[in-house]
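Structure record follows, encoded as structure tokens.
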Amino acid sequence: MQVKVGERLYEVRSLAELEALCAELRSALEAKCVYNSWYIRVPPDRLLEIAAEAYLSYLRGEAEVGAVVGRYLERLGLSKSLARTITPTLSALGLSAGGVFSRQALEMGRLFHEGRRREALAALREAALRNCVIRDIVERLGDGCDGLAEAVDAVLRSYGKSPRPDEAKYTADLVRAIHPPCTPCSFNCVDKASLASCAVALVERAIYGAADLFEKLDISIMPMHLALVKAGEGLYGVVVRETNKLVGLAAVADPIEGAQINKLRDVSKSLDGLAGEGEYEFYIKVVPILDGAPPCYRAKAFVEVVRADLERASRIIKLE
Numbered sequence: 001m002q003v004k005v006g007e008r009l010y011e012v013r014s015l016a017e018l019e020a021l022c023a024e025l026r027s028a029l030e031a032k033c034v035y036n037s038w039y040i041r042v043p044p045d046r047l048l049e050i051a052a053e054a055y056l057s058y059l060r061g062e063a064e065v066g067a068v069v070g071r072y073l074e075r076l077g078l079s080k081s082l083a084r085t086i087t088p089t090l091s092a093l094g095l096s097a098g099g100v101f102s103r104q105a106l107e108m109g110r111l112f113h114e115g116r117r118r119e120a121l122a123a124l125r126e127a128a129l130r131n132c133v134i135r136d137i138v139e140r141l142g143d144g145c146d147g148l149a150e151a152v153d154a155v156l157r158s159y160g161k162s163p164r165p166d167e168a169k170y171t172a173d174l175v176r177a178i179h180p181p182c183t184p185c186s187f188n189c190v191d192k193a194s195l196a197s198c199a200v201a202l203v204e205r206a207i208y209g210a211a212d213l214f215e216k217l218d219i220s221i222m223p224m225h226l227a228l229v230k231a232g233e234g235l236y237g238v239v240v241r242e243t244n245k246l247v248g249l250a251a252v253a254d255p256i257e258g259a260q261i262n263k264l265r266d267v268s269k270s271l272d273g274l275a276g277e278g279e280y281e282f283y284i285k286v287v288p289i290l291d292g293a294p295p296c297y298r299a300k301a302f303v304e305v306v307r308a309d310l311e312r313a314s315r316i317i318k319l320e
């Protein structure tokens with residue numbers, strides 16, 4: 001018999017070939033995600049609070065899920081029956097196994113306890129993306145957040161689930177908390193994934209911060225009158241807001257770690273091919289710079305403005 005998977009057609013002539021096909025498909029699925037169960041019934045902030053409780057308990061020599069969750073609920077005056085929804089959620093996200101909290105959960109709790117919420121959410125994202133359902137929803141959303149509710153419903157139904165409204169809501173809330181395009185852009189604490197999803201905001205802030213470079217080059221249009229239009233991978237047409245007239249081109253390079261002068265010069269020079277004399281009124285080259293360490297970099301940008309006659313000016317700009 002023939003078995004079609006996606007665009008591939010498999011010829012299966014024996015039980016052994018069928019078992020081999022199943023093993024191949026299972027291996028492919030497991031390489032993509034680990035936790036196949038789906039049970040998300042806890043808000044993201046509560047997950048962070050429970051992880052912090054687990055971390056503090058771990059420092060006292062205890063990391064058992066039942067005891068930690070019970071103590072957390074008692075401290076907040078909540079019904080202990082809520083443990084029936086908390087425990088399977090922790091398990092589905094890989095934050096616990098065998099009745100104890102995972103190392104990743106404890107690290108997430110440490111970060112949250114220390115007031116490093118964004119880093120804690122990055123750790124939660126890493127854990128949650130090992131859940132096949134969550135990963136499929138995020139992949140369906142891609143670089144945006146529009147249609148989140150529809151994506152949640154479609155993916156859950158593809159897994160044979162008939163989600164109740166509250167179940168879909170909890171899942172959407174989790175994705176909204178961990179998927180960078182669904183969260184406001186902040187450049188004080190970013191990882192590379194969230195920086196990529198904030199590319200438009202990065203270019204806008206870089207351009208606004210370069211007003212003095214426009215003045216220095218006698219470019220008559222000031223940044224506050226400009227808007228961006230996606231023109232390709234890492235490329236944006238720059239238009240006048242009132243008229244939509246195309247006046248410039250902005251290019252964004254891949255981020256570099258640290259403001260290394262030689263590296264900045266090389267990356268900036270690699271974008272020079274975009275600047276054809278007289279084609280636009282100006283070109284803007286943006287090289288994101290990441291200071292600090294993952295998952296909480298501070299971002300700034302090297303910005304070079306190139307006039308139509310190829311006269312240029314540049315400097316490093318803070319994004320916050």
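FYI, full-length UniProt numbering numbers position 27 of the sequence shown as 27, with every residue one higher than the one before it.
Ideal placement from N, C-alpha and C gives every residue a C-beta, glycine not left out.
query: Return the first residue and the last residue of the alpha helix (DSSP H) that E74 is part of.; result: 65-76
query: Looking at C-alpha atoms only, which residue of R103, D146, V303 is the closest neighbour of A250?; result: V303
query: Can you look up P180 in the DSSP assignment and give me helix, strand or coil?; result: helix
query: Grouping DSSP H, G and I as helix and E and B as strand, with all else coil, what is P88?; result: helix
query: What are the start and end residues of each continuous beta strand (DSSP E) run of 3 or more residues lying completely inside the segment 163-214, in chain order?; result: none
query: Can you tell me whether DSSP reads K216 as helix, strand or coil?; result: helix
query: Between R307 and L217, how many whole angstroms is the CB-CB distance? I'm expecting something under 8 Å.; result: 5 Å
query: Decide if the segment 143-153 is in contact with the segment 180-197; the criterion is three or more beta carbon pairs, one per stretch, under 8 Å apart.; result: yes
query: Can you tell which of T87, V305, I50, R60 has its C-alpha closest to the C-alpha of K269?; result: V305
query: Which residue comes first and which comes last in the beta strand (DSSP E) that contains D291?; result: 282-293
query: Looking only at its own chain, which residues have a Cβ that is under 7 Å from the Cβ of G248, when we skip the five neighbours before and after it?; result: V238, Y280, E281, F282, Y283, I284
query: Secondary structure at I50, three-state DSSP: helix, strand or coil?; result: helix
query: Less than 9 Å separating the beta-carbons of R125 and I178?; result: yes
query: Taking all protein chains shown into account, decide if I261 is buried (16 or more other Cβ within 10 angstroms of its Cβ) or exposed.; result: exposed
query: Give the range of the alpha helix (DSSP H) segment to which A253 is assigned.; result: Note, A253: premise wrong, no alpha helix (DSSP H); not H, not E.
query: Are there 16 or more other CB atoms within 10 angstroms of the CB of L195, so buried, or fewer, so exposed?; result: buried
query: Let me know the secondary structure DSSP gives R307 once reduced to three states.; result: strand
query: Does the beta-carbon of D191 have 16 or more other beta-carbons within 10 angstroms, so that it is buried, or is it exposed?; result: buried
query: Which one of L59, G94, S81 has the shortest CA to CA distance from L47?; result: G94
query: Please state whether DSSP places Y39 in a helix, a strand or coil.; result: coil
query: Would you tell me roughly how many angstroms separate the C-alpha atoms of R130 and A67, rounded to the nearest one?; result: 26 Å
query: Can you list, in chain order, the residues of its chain with a C-beta nearer than 7 Å to that of T87? Leave out the 5 residues immediately preceding and following it.; result: V65, V69
query: Using a Cβ-Cβ cutoff of less than 7 Å, which residues in the same chain neighbour E311 once the five nearest sequence positions on both sides are dropped?; result: L217
query: Compare the Cα-Cα distances from Y39 to each of E215, R118, K80, Y170 and report the closest residue.; result: Y170
query: Is it the case that the Cβ atoms of V240 and A227 are separated by a distance below 9 Å?; result: yes
query: Determine the burial state of A174: buried for a count of at least 16 other Cβ atoms within 10 Å of its Cβ, exposed for fewer.; result: Looking at the sequence provided, one finds Leu at residue 174 rather than Ala. L174 comes out buried.
query: Could you say which of C296, R41, E114 lies nearest to D166 if we only look at CA atoms?; result: R41
query: Is A259 helix, strand or coil when you go by DSSP?; result: coil
query: Taking the alpha helix (DSSP H) that L148 falls in, what are its first and last residues?; result: 148-158
query: Using alpha carbons as the reference points, say which of E233, A83, E215 lies closest to V200.; result: E233
query: By the 10 Å Cβ neighbour count, where 16 or more other Cβ atoms means buried, how is D222 classified, buried or exposed?; result: First, the amino acid is wrong: residue 222 is Met here, not Asp. Counting Cβ neighbours within 10 Å, M222 comes out exposed, since fewer than 16 surround it.
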